[in-house]
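The opening residue of the sequence shown carries number 31 in this note's numbering; numbering runs sequentially from there. Ideal placement from N, C-alpha and C gives every residue a C-beta, glycine not left out.
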Amino acid sequence: MFFNYKIFVNSDFLLFRLDFVKNYGAAFNIFSGSRIFLSIISIIFSIILINLILRKNSSNLIDLFSYSFFLGGTIGNGIDRIAKGYVIDFINLNFINFPVFNIADISINIGFIIIIFRILKKK
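Below is the structure:
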């Protein structure tokens, strides 16, 4: 089922609100206005992640999942940044004061959390 775009913009849901924010920087809008630098970083990081995924032993699925989450988020934000010059952030949490973010940011954070748990588990 498709909904009219205007129904969702700035509408309140239980835990979050959908807003349209152009993020010209990286996380929390750092490096704002550094489109070329951030685009190059996205491309380099994507190549590194693809290399890690291809070289990783397929028996360790948790590492592959974490790299895949990182890669998906990096490519998603990278495409926006290269094509438009900014990343579209749209998820605004109502219950805490937190910067607006998008699905790619969630994916990157899930990958990061998995890697942290793997590192802590090894210790």
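- Per the coordinates, the alpha-carbon of Asn-127 lies some 26 angstroms from the alpha-carbon of Phe-147.
- Straight across, the Cα-Cα distance linking Lys-152 with Phe-95 is about 17 angstroms.
- In this structure, DSSP gives Asn-90 a state outside helix and strand, which the three-state scheme calls coil.
- Counting only unbroken stretches of 4 or more residues, the alpha helix (DSSP H) elements lying wholly within the region 72 to 148 are 91 to 114, in sequence order.
- When DSSP states are grouped into helix, strand and coil, Phe-61 belongs to the coil group.
- According to the DSSP secondary-structure assignment, Phe-46 is paired through a beta bridge with Leu-123.
- Residue burial is scored here from C-beta neighbours: Ile-77 has fewer than 16 other C-beta atoms within 10 angstroms and is therefore classed as exposed.
- Around the beta carbon of Phe-67, fewer than 16 other beta carbons lie within 10 angstroms, which makes this residue exposed.
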